[in-house]
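Structure first, commentary second.
Protein chains: 2
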Amino acid sequence: MSTKPNTPKGMRDFLPHEVIRRNHIMSVMKTQFERYGFLPIETPAMERRELLLGKYGDEGDRLVFKVLNSGEKVKKADLEALKNGELSRFGNSLSDKAMRYDLTVPFARFVVQHQNELSFPFKRYQMQSVWRADRPQHGRFQEFTQCDADAIGSDSLLLELEYILMVDAIFGDLQLSGCTLRINHRKVLEAIAHRAGAGTETTRFFTILDKLDKVGWEEVKRLLLDAEYDIDIIDSIQRALADKSTADQLDALKQLLGSSDSDDDSLQDLGFLFSNLGHLSSTTVVFDWTLARGLDYYTGSIFEISAPEQVSVGSIGAGGRYDDLTGVFGMKDMSGIGISFGLDRIELVLSELDLFPPALHTSIDVMVVNFSTELITVLFPYISELRKQGKRVFVYPSAAKLKKQLGLANQLQIPHALIMGESEWKAQSCTLKDLRTGEQSTIPLYGLMQYSWD
Amino acid sequence: MSTKPNTPKGMRDFLPHEVIRRNHIMSVMKTQFERYGFLPIETPAMERRELLLGKYGDEGDRLVFKVLNSGEKVKKADLEALKNGELSRFGNSLSDKAMRYDLTVPFARFVVQHQNELSFPFKRYQMQSVWRADRPQHGRFQEFTQCDADAIGSDSLLLELEYILMVDAIFGDLQLSGCTLRINHRKVLEAIAHRAGAGTETTRFFTILDKLDKVGWEEVKRLLLDAEYDIDIIDSIQRALADKSTADQLDALKQLLGSSDSDDDSLQDLGFLFSNLGHLSSTTVVFDWTLARGLDYYTGSIFEISAPEQVSVGSIGAGGRYDDLTGVFGMKDMSGIGISFGLDRIELVLSELDLFPPALHTSIDVMVVNFSTELITVLFPYISELRKQGKRVFVYPSAAKLKKQLGLANQLQIPHALIMGESEWKAQSCTLKDLRTGEQSTIPLYGLMQYSWD
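Sequence lines, in order, name chains H and D.
With the numbering used here, letter number 15 in the first sequence gets 51, and the count goes up by one each step, no holes.
With the numbering used here, letter number 338 in the second sequence gets 374, and the count goes up by one each step, no holes.
Structure (structure tokens):
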């Protein structure tokens, strides 16, 4: 192979300092997920093709990676479909499996498949890669990691409340302040859609509203007008809610929508949430009637989290309540609520805002300088003891020049070097050098284990 | 969908207690990998197809999962190849990417691609899934997790020594005693092959020897005889080494092979390792001249770890030294050594031997019983405080019957329940029940944070 090998387009390697940073974020999430009573599960990278297709809309279907059948099975290629230009059908004839597109549909499948092994309400978290054959761009990759927490088998509003508290706790632990969690309710949106002239067909209304982030309010109004919605109603709602506290907004909406609409409970639910939030440390929670969240399966509360304004990566997490996620697999009446954090985008945000703790560069505590195999060999019991005490020790494997060895320690940002040459060995001592400050201490070998260094 | 959905054949879901067990194993490995100075990296699940194919032999090539190209690209299907029954070539025309088959070839690619961002010697660990289109059977899956540690850019024997110590430390932490690490050297094997009549073509000799585990010694001898090797030499070696200490075995081999062979250093190297091992806590290290390790790229020391004899899962880890792993990608003279642990098999072994700590059933510390939304809401500041102090709290989301709520806690093996009904709230106290022993304590609410419970 003459050309330099590289990763497939849109897929990335992670260097040590990047993995350490990503693990830091996942560790914070894992800690909080568990404090909120979620249990970990994992599902395979691949699912049966027919389980995934048809669940994410046409656009989603096109982005699902299909896995080629092995061996003789490729003989089943539907050449007729190829000839007719039905490329998707041709692909399907060659593929029984597909790569996981998100963690929600696999979770629904998991719940149905293992319903007799699970106890409900069931709260699970899952942090795994997903794959989408999407055009790569800033903050968008073909392989990325989602961190999901879902609670299924209960329609209690306490779950919504706990989700908001958990979001705040996660961003607090990440030192990321200034995030905004926008919250809305599908039933409120439906009531508004009805008032604006939509019949039972509200999906179109949601789809247009969902473009707000990308195209702006004027364009959304134009699209709603084109779709023959009553734009005056929408304008009057927008005006009536302007510059009001959340409680007043909810009251105003109640007045506007009237008590005959079925949204009554949902406004009350939102009111319950806002009045019970208490003090949040790092997240602002706002009611936003324009939040739509495109996905069909949401039926209740919906929410979306944006990074601080100075970083333009869009949503870093989102979720909502669904009443019938497992219905498509034949298991009815399982209300649930889920949230999904985008690890890769949170990583981008923390990087751009320089919020990673400085110690996250390396996972090594000390480099042992190697003067000779003989000296290292006699030092080995001490090295083993340091490791047993939890120190992470890089032993330079050969007796290279001191400058080269310390150069590596510097490149890897290892904070300490342990130096023991012939003269130190004779004196039964060693030198511990702080590579950040240059300070050196001479320590008797017998005192090495008791020496306190950070 | 009328049938119950399930995972693809050979691929598995992991329930919470299984993930917790797997995470326990990976956490032990991560801790020891880091104590031995390895840094974490990650590579994508997919690689360019041509990077993987041709690296694992014909058998390996057939087991590589190929990913179907998206959209228009499937029009490039090589129908000629399909017609001629060249199924692999047909598959290749539809696929640019393939699923990672192991973590070694991706690591070689990683080193070459990032050579200017890395400092050598470079020690990396990597714990990720790999995929093989293999026939599923006991302990063999189509998706499984490898935990690899490689050190590249040094041929120092200290690395071999550290690997053995690290293997011992890992199994020690897992409470798994009775593992055997068998070690050999490719150059010793080559010398034996030469003596037995092989020319420069030693691969065939290794391949036959590699079947020893599966077919037994008599069958291997027959195969060697069929291949016209000098079976008397092999018999005499076998006899000369029987019932000897490792040092004597190495001496005897030196005598048998004579000093003219190039294996001299390798016997000396093995001698160095055995004389410097010191006291190992849970692993037996033995010299085994019959260990061959099929993979072509090994050039120096090779080793394989077997589980205790009462569990029949075969190898749970293996590795060796390679002198030119990155050569195939145009980067010469990078000696390295690697080890790969099979997470799934280690999990099987620990399960069969019942060696997982009992606390690994759940990650939840306490279930808060829900008597009413109102009571839970006033309790929330206390719940938040418990969580801030690190307790993992499952709040039952609705006011179901007490029996049902405690039933869930029992099913999830949650050790404690926090109970606060109307009367307790009036008395500003709560009841903490140990669900394992049935013991109950009444605690004043203000004392809840200070209460010590395990």
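Backbone N, C-alpha and C fix where the C-beta goes; we use that ideal spot for every residue, glycine too.
Here D:LEU306 is buried, its C-beta having at least 16 other C-beta atoms within 10 Å.
One thing to note: D:ILE200 has its Cβ no nearer than 9 angstroms to the Cβ of D:ALA232. Among the residues of chain D, those whose CB is under 9 angstroms from the CB of H:PHE101 are MET82, VAL103, LEU104, SER106, LYS133, following chain order.
Just measuring C-alpha positions, the residue of H:SER465, H:ILE373, H:ILE450, H:HIS397 sitting nearest H:TYR418 is H:SER465. H:ASN120: not part of any beta strand (DSSP E); DSSP gives it neither H nor E.
Apart from the 5 residues on each side of it in sequence, H:PRO172 sits with its Cβ closer than 7 angstroms to the Cβ of LYS45, GLY46, GLN178 in its chain, given in chain order.
Not a single C-beta of chain H is nearer than 9 angstroms to the C-beta of D:LYS439. Close to chain H, meaning a Cβ-Cβ distance shorter than 9 angstroms, are the following residues of the region 288-322 of chain D: PHE308, ASN312, GLY314. Scanning its chain for C-beta atoms nearer than 7 angstroms, with the 5 sequence neighbours on each side dropped, one finds around D:MET202 the residues GLN68, TYR72, in chain order. In the three-state DSSP reduction, D:HIS53 falls in the helix class (H, G or I). Per DSSP, D:GLN162 is not a residue of any alpha helix (DSSP H); the beta strand (DSSP E) it occupies stretches across 158-167. Measuring C-alpha to C-alpha distances from H:GLY350 to each of H:LEU313, H:ASP170, H:ARG176, H:ARG98 identifies H:ARG176 as the nearest. With respect to H:GLU108, D:LEU123 sits close: the two C-beta atoms are nearer than 9 angstroms. Under DSSP, H:GLY363 takes part in no beta bridge, so it has no partner.
Secondary-structure assignment with DSSP links D:PHE323 through a beta bridge to D:ILE219. At the C-beta level, D:TYR161 and D:MET65 come within 9 angstroms of one another. In the displayed model, H:THR473 falls within coil according to three-state DSSP, outside both helix and strand.
Under the three-state reduction of DSSP output, H:ALA263 falls in the coil class, being neither helix nor strand. Beta-bridge partners assigned by DSSP to H:TYR358: H:GLY372. At a cut-off of 9 angstroms between beta-carbon atoms, H:PHE146 makes contact with chain D. For the alpha helix (DSSP H) assignment, the uninterrupted runs of no fewer than 4 residues enclosed by the region 433-459 of chain D are, from N- to C-terminal side, 438-447. For H:GLN182, the uninterrupted beta strand (DSSP E) segment begins and ends at 179-188. DSSP, read as helix, strand or coil, puts H:PRO41 in coil. Between D:ALA187 and D:PRO157, the beta carbon gap of about 6 angstroms places them in contact (Cβ cut-off 8 angstroms). Across the set D:VAL147, D:GLN291, D:LEU454, the C-alpha of D:VAL147 shows the shortest separation from the C-alpha of D:GLY366. Using a Cβ-Cβ cut-off of 9 angstroms, H:GLN149 counts as an interface residue toward chain D, since at least one Cβ of chain D sits closer than that to its own. Under the Cβ criterion of 9 angstroms, H:TYR432 is counted among the residues facing chain D. A Cβ of chain D is located within less than 9 angstroms of the beta carbon of H:PRO417. Chain H places no beta carbon closer than 9 angstroms to that of D:GLU116, leaving this residue out of the contacts. By the Cβ neighbour-count rule, D:ARG58 is buried, with 16 or more other Cβ atoms within 10 Å of its own. Across the region 348-370 of chain H, CB contacts with chain D closer than 8 angstroms involve VAL364, PHE365, GLY366, in sequence order along the chain. Ranked by how close their Cα comes to the Cα of D:ASN105, the residues H:LEU130, H:LYS440, H:LEU438, H:THR239 have H:LEU130 in first place. Neighbours of D:ASP49 across chain H, judged by C-beta separation under 8 angstroms: ILE77, GLU78, THR79, PRO80, PHE146, GLN149, HIS150.
Around D:PHE126, the same chain offers ASP114, ALA117, LEU118 as residues with beta carbons nearer than 6 angstroms, after the five sequence neighbours per side are excluded. Boundaries around D:GLU83 are those of the beta strand (DSSP E), 82-84, since no alpha helix (DSSP H) includes it. Annotated three-state conformation of D:SER399 is coil, per DSSP.
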